[in-house]
Amino acid sequence: MKITHPFIIFDLETTGTWIEKDRIIEIAMVKLLPSGEKQVFHSRVNPLMPIPLVVQQLTGITDKDVEGAPVFKVIAKDVLAFMEGADLGGFNVDKFDLPLLERELNDAGIPFSSVGLKVYDAQKVFHLNEKRDLTAAYALYCGKPLQGAHGALADTEATLEVLKAQVERYGAGDMSIEVLGQFQYREQPDFFDADRRFRWWNGELYMMFGKYAKKESLREIVKKDPGYLSWMLSKDFSDDIKVLVENALKGKFPKQGV
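Quick note: the sequence shown uses my numbering, first residue 12, plus one each step.
Below, the structure written as structure tokens:
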């Protein structure tokens, strides 16, 4: 791969996926220069908040691991200096890492905009060029092209063959369909309700609409402006939301994942 400008591949580990609120717990950047030289910037970051258990399990980074790490504001200038004049690359950086990094830099008092930067996102290239549908799965697991794709019967028969092949590949000798159950998992929901009116963050619910949108938790609004919540009960919100608000006004709050 030839480059004519400094090129940085970077990745963030964060407390979650909410770009407007979640925080960096680790940042790594590898800079390639046209001369062939490679430079590395790597740091753990103290997010000044508990790292959710699901994130600790995913990244292996615990609260104890970041206790003595700098907060992002301390390293922000060094991060920006390392990035100066470089094109950027990564995996899913367009939709997640870059917007979150931009927000963290601005929160640290360092104006930064990604507008105009050249960004090469490996995930975007991958998804545009490699199919991830039943035809691709059939070719991978069954080793032959799928005939009659998008016909209901052909797709059904093909899916059966794919599942049989997956049992053989991943069952470690166990040929029962139940062996695939180990690959079932439930993601911790980001949103409380189907309409996405309330979002979880750091164990608390935040409104995604109105004057308190993304600013204060439901618990804080109960203390600050219970009249606003009472007003919501007279409006056209779902039953789930009204029950949530009624309970909150009584001092009862749900727990994430329960």
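For glycine and all other residues, C-beta sits at the position ideal for the given N, C-alpha and C.
The Cβ atoms of A87 and K42 lie no closer than 8 angstroms to each other. Per the coordinates, the alpha-carbon of K142 lies some 11 angstroms from the alpha-carbon of A150. In this structure, the straight-line span from the alpha carbon of W242 to that of E257 is close to 11 angstroms. Counted as a single uninterrupted DSSP element, the beta strand (DSSP E) harbouring W211 occupies residues F209 to W212.
For M218, the enclosing beta strand (DSSP E) begins and ends at E215 to M218. By a beta-carbon distance limit of 8 angstroms, V130 contacts V104. Their separation comes to about 6 angstroms. The C-alpha of G159 lies about 14 angstroms from the C-alpha of A147.
Beta bridge pairing from DSSP links H161 with no other residue.
CA-CA distance, G101 to P110, rounds to 13 angstroms. Beta-bridge partners of M60 (DSSP): none assigned.
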